[in-house]
Structure formats: C-alpha cells, structure tokens
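Trainee: Protein chains in written order, with this note's numbering: chain A, 9 to 305; chain B, 57 to 350.
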Amino acid sequence: MKANNSIVETGLAGNNGKTKKTINVKKSLAKFAVYFFLILVAFTCLLPFYSMMVTSSHANSDIARKLLLVPGREFVENYKRLIDTVPIWRGFANTIFITVSSTVLSLYFSALAGYGFSKYNYKGKNILFMAVLGTMMIPGQLGIIGFFKLMDTFNMLNTYWPIILPSISNAFGIFFMKQMCDSSIPTEILESGRIDGCGELKIFHRLVLPLLMPSLATLGIFSFIGKWNDFLTPMIILFDNELQPLPVMIAMVKSQFSTDFGAMYVGIVISVIPILIFFSIVSKKIISGVTAGALKG
Amino acid sequence: MRKSSINKSQFGFYFVVPYFITFLIFGLTPIIYSLYLSFMKWDGFSDPVFVGLANYTRLLQDTFFLKSIGNTLIIWVLSIVPQLILALILAMILNEKFIRGKHFFRAVFYFPNIVTPVTLGVLFSLMFDWQTGSVNKLLMGIGLIDDPVNWFNSPWLARLIVAGVIMWQYFGFNMLVFIAGLQSIPHELYEAAEVDGASRWDIAIKITLPLLKPVLLFTFITSIIGGLQLFDAPLMLGNGPDNSTLTMVMYLYQTAFKNFDYSYGAAIAYAIFVIILIFSLISIKFSKMNKVEQ
Numbered sequence: 009m010k011a012n013n014s015i016v017e018t019g020l021a022g023n024n025g026k027t028k029k030t031i032n033v034k035k036s037l038a039k040f041a042v043y044f045f046l047i048l049v050a051f052t053c054l055l056p057f058y059s060m061m062v063t064s065s066h067a068n069s070d071i072a073r074k075l076l077l078v079p080g081r082e083f084v085e086n087y088k089r090l091i092d093t094v095p096i097w098r099g100f101a102n103t104i105f106i107t108v109s110s111t112v113l114s115l116y117f118s119a120l121a122g123y124g125f126s127k128y129n130y131k132g133k134n135i136l137f138m139a140v141l142g143t144m145m146i147p148g149q150l151g152i153i154g155f156f157k158l159m160d161t162f163n164m165l166n167t168y169w170p171i172i173l174p175s176i177s178n179a180f181g182i183f184f185m186k187q188m189c190d191s192s193i194p195t196e197i198l199e200s201g202r203i204d205g206c207g208e209l210k211i212f213h214r215l216v217l218p219l220l221m222p223s224l225a226t227l228g229i230f231s232f233i234g235k236w237n238d239f240l241t242p243m244i245i246l247f248d249n250e251l252q253p254l255p256v257m258i259a260m261v262k263s264q265f266s267t268d269f270g271a272m273y274v275g276i277v278i279s280v281i282p283i284l285i286f287f288s289i290v291s292k293k294i295i296s297g298v299t300a301g302a303l304k305g
Numbered sequence: 057m058r059k060s061s062i063n064k065s066q067f068g069f070y071f072v073v074p075y076f077i078t079f080l081i082f083g084l085t086p087i088i089y090s091l092y093l094s095f096m097k098w099d100g101f102s103d104p105v106f107v108g109l110a111n112y113t114r115l116l117q118d119t120f121f122l123k124s125i126g127n128t129l130i131i132w133v134l135s136i137v138p139q140l141i142l143a144l145i146l147a148m149i150l151n152e153k154f155i156r157g158k159h160f161f162r163a164v165f166y167f168p169n170i171v172t173p174v175t176l177g178v179l180f181s182l183m184f185d186w187q188t189g190s191v192n193k194l195l196m197g198i199g200l201i202d203d204p205v206n207w208f209n210s211p212w213l214a215r216l217i218v219a220g221v222i223m224w225q226y227f228g229f230n231m232l233v234f235i236a237g238l239q240s241i242p243h244e245l246y247e248a249a250e251v252d253g254a255s256r257w258d259i260a261i262k263i264t265l266p267l268l269k270p271v272l273l274f275t276f277i278t279s280i281i282g283g284l285q286l287f288d289a290p291l292m293l294g295n296g297p298d299n300s301t302l303t304m305v306m307y308l309y310q311t312a313f314k315n316f317d318y319s320y321g322a323a324i325a326y327a328i329f330v331i332i333l334i335f336s337l338i339s340i341k342f343s344k345m346n347k348v349e350q
C-alpha cells in the first residue's frame, strides 16, 4: 500500500495539486465505502443476538405486535415460565459435564496416540496412521442406526456412556497431535528421560504432555465447542429430560412452547450467552487456531 | 542404549490401541451393523426379518427421498456461492494493511460459527415467523413491505432462509481460511507487481485470485461433504411447504426416530453415504483436471 502510494505520488509530482486532491478524495471515499461495508456485515452478524436479548425481556403480547428495539421488563416473568416446564439449568450442568469429560478424554488419548505415531517405529505404523486418516472421511450419521441398536443391546441407552466414550477416538485430534509431536518434541528429551530410568508412560506424562500444552489448549477449545453443540447423538440416546444437554432442551423448548415466544427467547439467551462470554475470552486463540488449521489443510 | 530403544517401540503400538478399540466398538461395528439392518425389516420392537434389497428398491421410488436430495443440493448451492464470494471479499479487505480493528472484525464475523446450530435454527424460525417475527416488523417499519411476508409458505423463500442461515453461520469460517491462504502468498509478488505499476484491482484479479485458487477449490470440496449433511438448523426451521426444506439427514432422522422404521433409515444412511462419496469423487477429479490444465 505504502509503496503504491509513493509511486502514484511521484508519478503525479509534475502535475498540479488539483489531480492529487481528487485522488485523495477518491481514496478516502473508497476507504469510507470499505469501512461501511465491514460495519454493515458486522451489524448483520450481531443484530440477531441483540434482537434475541431485547425480545427475551418483553411480554408475549408486545413481542407479537411491535418491533422491539430496547430492553423491556418482563425477562424474569418469561424466565419463570421457562423453568416451570424445562429444567434448563440442569441441561446446562449436563452439557458442562458431558463436554468437560469428553474433552479431557479426547485430549488425553489424542495426545497419547499422536505421540505413539510420531516418536515410535513399529511394524504397520504407516498403515495404521492411514487408517486413522481414512476414518475422518466417514460421514457421522452413516452408522447412527446401528449405533442406536448396539447401545440398546449394551443397555447403554439413556446413559452418558455412548456420548462420552467415543471421544477417545478422535481422528482429527490424533492427526493434529502427531503434527505437534513431530515439530515440538525433541527426541533427545525422551532419550534423557529413558537414561534417568523413566518408564514410557511416565515419560509421556512428565515430559511430553507439558510440552504439548499449547497445542492441547488449541485442540481442547475446538473439541469443547464441537461437543457443546452436539445434537443428534444425545437426542436419540437420551430420553430422560433430566439427562439431556442444552441443545436437546432448546429443541424441546421449541416444540413445547409453540406460542410462548418470551420463554423461548429466554431459552435461546441462556444457550448463547455462555458461548459469547467464552468466545470473548479466547477469541484470539480460536481465530489463530482456525488459521493454523487452514494452513495445514 | 540402542537395544533398549528398539525394545520400547512396541509402546507406540500400545499408545494407539485405545483409539482403534474405541473406533471398533463405537464407529466400525455400528456402521457394519447398519449395513446388516438395511437388508432387514425392523421397527425397533419385533425381531429383524431379512428382506434382501427391498429397502433399497423402495428408496429408488421414494419421492420424499428423491426430493430431499434435490432440496439439500439446492440449499447447499444457494448458501455456498454467496458465502464464498462474501468470504473472499472480506478476506481481501481484511488482508489490507490500512484497515484498523482487524481482530474485532474477524472475531465478529467468525462468532456465528461457534453458536449452537440448533439454537440458531430456533432463533431464526422465531425471527422469520410471519405474524410475530421481528424481520417482518423491521421490513414494515422501514417501509420496504406493506404486509407481512409469509416466509415459510413459499418453497423458494423457505429454502432461501435456510440457505441464508447456513451462509450467515459459515462465511466467517471460510473468511479465516482465505485470510490464511492470502497470508501464505509471498510479499515479493505484490512488490514486483507494484513496481511494474499494476493497480490494486489488477493485483487482486491477476495475482491474488489465481494464487488463491487451490484454497478456493479445497474449501468448495470440503463444503460439499458438510453441505450434504445439513441437519441441526434446518430441523429447527421445519420441513417447509411441501417438504421443500427437508434435507437428506432430516429425512433419515424422521424415518428412523420419528416413524421407527429403523431398517429403512439404515438404507437411507447408506444412500446418503454413496451420494456424498460420488460428489467427493467428482470434485476431486474436477480439481485434478484443473491442476493438469494449469
């Protein structure tokens, strides 16, 4: 940009000041248009969330009749009607439990397998790694009917096992952690651990895991978001209201409160606000994570 | 020393075993079991009965399923084309040095991507409700329309809304991917072009776009796989008039878990898999042809 400017300017140095001025005006107009466009898109991104918060604080009669632009006073009333029927905070706690335990399992076993693929040599390693990559191509709902029937046979329907345990097999996580082990775990450290007489698992826990922390944080954020938003599997596996996570409850709110808009909006607010807070804290890490992931792909 | 490290190599195998055991139980077995069930008649209560290819021949004549394939493709095209264009424009703007508040804009554009799709589906179905929704009120307020539009009464409007929600949720993600692609283009190229006196427009069309083509193709291909599996948000937005927004996975879900026709659902799951496979192969072939041409 700077270089371009100076070329334009030196090229125009011989001309009168008028042309220079028009070019400057043109430039600032273009700048204005660009910013206007950016702000317009940003506005479109945020408007639904603003509307959601404002609407959740009005009575149903107002929601149905008016365009609401400022917050009202009915939030607590709407909230009371919502929690009378839907145990939304229970759903919130369920989601946290499912998400945290899945993420921990997923991170630990992804790091372990990624490390196993990165730093050891054994027969069939490459074939096994290709198999892991191959499983990433399988669409998620291919086996869903068999999954349901199999969990029925295991007596695992209406429990958290079918939702949490599969997190151990996170193919993308293994791929990601293998790359990270390749680049950030020096083999000398492992050798020195072995000379000190550490067992292999102890080396992994004491030396490898701490070194992988930054990559685990990135992977953890994405596993967390993915699990938080998970919908189809919990919906078919869990029948009990008390066990369901937040997304399933939100879907239930929609079918149960067909005309109670205020209560529905409160449910939506409760689902979105934690994500908003989470994102405002870790947005830098998330965005650099997406960018890093994109470069690898 | 050497000997002991060779002896250790089996540990690497032990470390990857948990993945394979878990995948075998929760991934592969259900997939094979689904294939078995797709040749059965099973309603979830009585014992499965072998029916051969009956579910698959039924599938070929099932107008709902055929329609859901069309719907999914239409919604995917309606959302992906404007989405990639918008993402590309925004990425190129945010890659300019003079823009301030880059992080803010990136964060705001990306935020919808991490919000629960189900919640977004419910939110937008409320906002586009024709009698009580805020969208109609807003449009009437600024005088664009006189009477409320019944969005979900017209097949194409309903599809446009579903596509719009998907686009709104994913353009920020694609924008970040494109920004990463833009940043990997060497600066020397731009500098050389500027020395030669190329305008910004020339640089964008003749240097940036061609160099970004692989990233664009990659995004397009991966979006097919995701786009054909649309489920969460469309489910909350409903089937639409005359089932015009019924996607393939929605049909799978409704057949198996609403109508309890599990075995037919398994056949639908395999049909979806085959469709995704065909589209992936076509697009991979297409992108390879492109490479050869270059």
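Ideal placement from N, C-alpha and C gives every residue a C-beta, glycine not left out.
1. Using DSSP's beta-bridge definition, name the partner residues of B/K97.
2. Is B/V221 close to chain A? Criterion is C-beta to C-beta, closer than 7 Å.
3. By Cβ distance, which residues of its chain are closer than 7 Å to B/V233, with the 5 residues on each side in sequence left out?
4. Which whole runs of the alpha helix (DSSP H) in the region 176-232 of chain B are 4 residues long or more, in chain order?
5. For B/A323 and B/L238, which I take to be in contact (beta-carbon distance under 8 Å), what is that distance rounded to the nearest angstrom?
6. Check B/R156 in the structure and name its three-state DSSP category.
7. Using the Cα positions of A/E133 and B/N151, report the straight-line distance between them to the nearest angstrom.
8. Can the beta-carbon of A/I229 be found less than 7 Å from the beta-carbon of A/I176?
9. Can you give me the C-alpha to C-alpha distance between A/S288 and B/G199, rounded to a whole angstrom?
10. With distance defined between alpha-carbon atoms, name the residue in B/G321, B/K344, B/H159 nearest to B/N111.
11. Taking the straight line between their C-alpha atoms, what separation do you get for A/I135 and A/F162?
12. To which residues of the same chain is A/K186 closer than 7 Å at the C-beta, ignoring the five residues directly before and after it?
13. Below 8 Å on C-beta distance, what does B/G199 contact in chain A?
14. Between the alpha carbons of B/I149 and A/V42, how many angstroms are there, rounded?
15. Name, please, each residue of chain B whose Cβ falls closer than 9 Å to the Cβ of A/W236.
16. Return the chain-ordered list of same chain residues with a C-beta closer than 8 Å to the C-beta of A/G22, the five sequence neighbours on each side being excluded.
17. In the region 132-152 of chain B, which residues sit with their C-beta less than 9 Å from some C-beta in chain A, listed in chain order?
18. Do B/P173 and B/A289 have their CB atoms nearer than 7 Å?
19. I'd like to know if the region 157-164 of chain B and the region 241-253 of chain A are in contact, where contact means that at least 3 CB-CB pairs between them fall below 8 Å.
20. My assumption, with CB atoms under 8 Å, is that B/Y307 sits in contact with B/F121. Please give the rounded CB distance.
21. For B/A163, go through chain A and note every residue whose CB falls closer than 9 Å to its CB, in chain order.
22. Here's the rule I'm using: 16 or more other beta-carbon atoms within 10 Å means buried, otherwise exposed. How should B/A248 be labelled?
23. Rounded to whole angstroms, what's the CA-CA distance from A/D268 to A/E82? Just pull it up for me.
24. Of the choices A/R98, A/K74, A/R73, A/V62, whose alpha-carbon is the least far from that of A/V84?
25. What's the gap between the Cα of A/P56 and the Cα of A/I276?
26. Is B/L179 near A/L75, with beta carbons less than 7 Å apart?
27. Excluding the 5 residues flanking A/Q252 on each side, which residues of the same chain have their C-beta closer than 7 Å to its C-beta?
28. Quick one: complete alpha helix (DSSP H) runs, 4+ long, within the region 168-237 of chain A?
29. Distance cutoff 7 Å, beta carbons only. Does B/Y226 sit that close to anything in chain A?
30. Quick one: what does DSSP say B/M345 is sitting in, helix, strand or coil?
31. Going along chain B in order, which residues have a C-beta closer than 7 Å to the C-beta of A/S59?
32. Within a Cβ cutoff of 6 Å, which residues of the same chain sit near A/L215, ignoring the five residues on either side of it in sequence?
33. If you run the structure through DSSP and keep just helix, strand and coil, what is B/V171?
34. Who are the neighbours of B/L272 on chain A, taking C-beta pairs under 9 Å?
35. For A/M188, count neighbouring C-beta atoms within 10 Å of its own C-beta (all shown protein chains included) and say buried if the count is 16 or more, exposed if not.
36. Out of curiosity, what's the CA-to-CA distance linking A/I182 and A/L141?
Mentor: This is what the structure holds:
1. If you number the second sequence from 1, residue 97 of chain B lands on position 41. Beta-bridge analysis with DSSP links B/K97 to B/V105.
2. As a first step, residue 221 of chain B must be located in the second sequence, where it is residue number 165. B/V221 does not count as touching chain A.
3. Position 177 of the second sequence holds residue 233 of chain B. For B/V233, where only same-chain residues beyond five positions count, the Cβ hits under 7 Å are V271, T275.
4. Those alpha helix (DSSP H) runs which fall completely within the region 176-232 of chain B and span 4+ residues are 190-197.
5. Position 267 of the second sequence holds residue 323 of chain B. Position 182 of the second sequence holds residue 238 of chain B. The C-beta separation of B/A323 from B/L238 comes to about 44 Å, leaving the pair out of contact by the 8 Å criterion.
6. Taking the first residue of the second sequence as position 1, residue 156 of chain B is located at position 100. Residue state, collapsed to three classes: coil.
7. Residue numbering aside, residue 133 of chain A sits at position 125 when the first sequence is read from its first letter. Residue numbering aside, residue 151 of chain B sits at position 95 when the second sequence is read from its first letter. It should be pointed out that residue 133 of chain A corresponds to Lys in this sequence rather than to Glu. Whole-angstrom Cα-Cα distance: 41 Å.
8. In the first sequence, residue 229 of chain A corresponds to position 221, counting from 1. In the first sequence, residue 176 of chain A corresponds to position 168, counting from 1. Going by C-beta atoms, A/I229 is not nearer than 7 Å to A/I176.
9. Within the first sequence, residue 288 of chain A is the residue found at index 280, counting from 1. Within the second sequence, residue 199 of chain B is the residue found at index 143, counting from 1. Straight-line Cα distance between these residues: approximately 36 Å.
10. Against the second sequence, residue 111 of chain B aligns to sequence position 55. With distances taken between Cα atoms, B/N111 lies closest to B/G321.
11. On the first sequence, residue 135 of chain A is found 127 positions in, with the first residue counted as 1. On the first sequence, residue 162 of chain A is found 154 positions in, with the first residue counted as 1. Using only the alpha carbons, I get a separation of about 31 Å.
12. For this step, residue 186 of chain A is matched to residue 178 along the first sequence. For A/K186, where only same-chain residues beyond five positions count, the Cβ hits under 7 Å are G122, F125, S126.
13. Working through the second sequence from its first residue, we reach residue 199 of chain B at position 143. Contact note: B/G199 does not reach chain A at a C-beta cutoff of 8 Å; the least C-beta distance is about 12 Å.
14. Here residue 149 of chain B corresponds to residue number 93 of the second sequence, with the count starting at 1. Here residue 42 of chain A corresponds to residue number 34 of the first sequence, with the count starting at 1. A straight-line Cα-Cα distance of about 8 Å links B/I149 and A/V42.
15. The residue labelled residue 236 of chain A in the question sits at position 228 within the first sequence. Neighbours of A/W236 in chain B, taken as residues at a C-beta separation under 9 Å, are given in chain order as I170, T172.
16. Numbered from 1 along the first sequence, position 14 holds the residue referred to as residue 22 of chain A. For A/G22, the predicted model reports a pLDDT of 45, less than 50, meaning its position is unreliable; a value from the coordinates is still stated below. Around A/G22: no qualifying Cβ.
17. From the region 132-152 of chain B, only L142, I145, L146, I149, L150, E152 have a Cβ closer than 9 Å to chain A.
18. Within the second sequence, residue 173 of chain B is the residue found at index 117, counting from 1. Within the second sequence, residue 289 of chain B is the residue found at index 233, counting from 1. Yes; because the gap between Cβ atoms is below 7 Å, this pair is in contact.
19. Below 8 Å, too few C-beta pairs join the region 157-164 of chain B and the region 241-253 of chain A to call them touching: fewer than three.
20. The residue labelled residue 307 of chain B in the question sits at position 251 within the second sequence. The residue labelled residue 121 of chain B in the question sits at position 65 within the second sequence. Confirmed, about 6 Å.
21. Here residue 163 of chain B corresponds to residue number 107 of the second sequence, with the count starting at 1. Within chain A, the residues near B/A163 are F287, S288, S291, K292, I294, I295.
22. Residue 248 of chain B sits at position 192 when you count from the first residue of the second sequence. By the neighbour-count rule (16 or more Cβ atoms within 10 Å), B/A248 is not buried but exposed.
23. Working through the first sequence from its first residue, we reach residue 268 of chain A at position 260. Working through the first sequence from its first residue, we reach residue 82 of chain A at position 74. For A/D268 and A/E82, the gap between their C-alpha atoms comes out near 13 Å.
24. Position 76 of the first sequence holds residue 84 of chain A. Closest in alpha carbon position to A/V84, among A/R98, A/K74, A/R73, A/V62, is A/V62.
25. Here the question's residue 56 of chain A lines up with position 48 in the first sequence. Here the question's residue 276 of chain A lines up with position 268 in the first sequence. Spanning the two alpha carbons is a distance of roughly 11 Å.
26. Numbered from its first residue, the second sequence carries residue 179 of chain B at position 123. Numbered from its first residue, the first sequence carries residue 75 of chain A at position 67. No, the Cβ-Cβ distance between B/L179 and A/L75 is not below 7 Å.
27. Position 244 of the first sequence holds residue 252 of chain A. Cβ neighbours of A/Q252 beyond the five flanking positions: G99, N102, P242, L246.
28. For the region 168-237 of chain A, whole alpha helix (DSSP H) runs of length 4 or above, ordered along the chain, are 169-172, 179-192, 195-203, 208-211, 217-236.
29. Here residue 226 of chain B refers to the residue found at position 170 when the second sequence is read from its first residue. So, not an interface residue.
30. Within the second sequence, residue 345 of chain B is the residue found at index 289, counting from 1. In the structure shown, B/M345 falls within a helical segment according to DSSP collapsed to helix, strand and coil.
31. Your numbering for residue 59 of chain A matches position 51 in the first sequence. Those within 7 Å of A/S59 in chain B are M183, S190.
32. On the first sequence, residue 215 of chain A is found 207 positions in, with the first residue counted as 1. Around A/L215, the same chain offers I197, G201 as residues with beta carbons nearer than 6 Å, after the five sequence neighbours per side are excluded.
33. Your numbering for residue 171 of chain B matches position 115 in the second sequence. If DSSP states are grouped into helix, strand and coil, B/V171 belongs with coil.
34. Residue mapping note: residue 272 of chain B aligns to position 216 of the second sequence, counting from 1. Chain A residues near B/L272: none, gap ~12 Å exceeds 9 Å.
35. As a working mapping, residue 188 of chain A is identified with position 180 in the first sequence. Buried.
36. Here residue 182 of chain A refers to the residue found at position 174 when the first sequence is read from its first residue. Here residue 141 of chain A refers to the residue found at position 133 when the first sequence is read from its first residue. Rounded to the nearest whole angstrom, the C-alpha separation of A/I182 and A/L141 is 9 Å.
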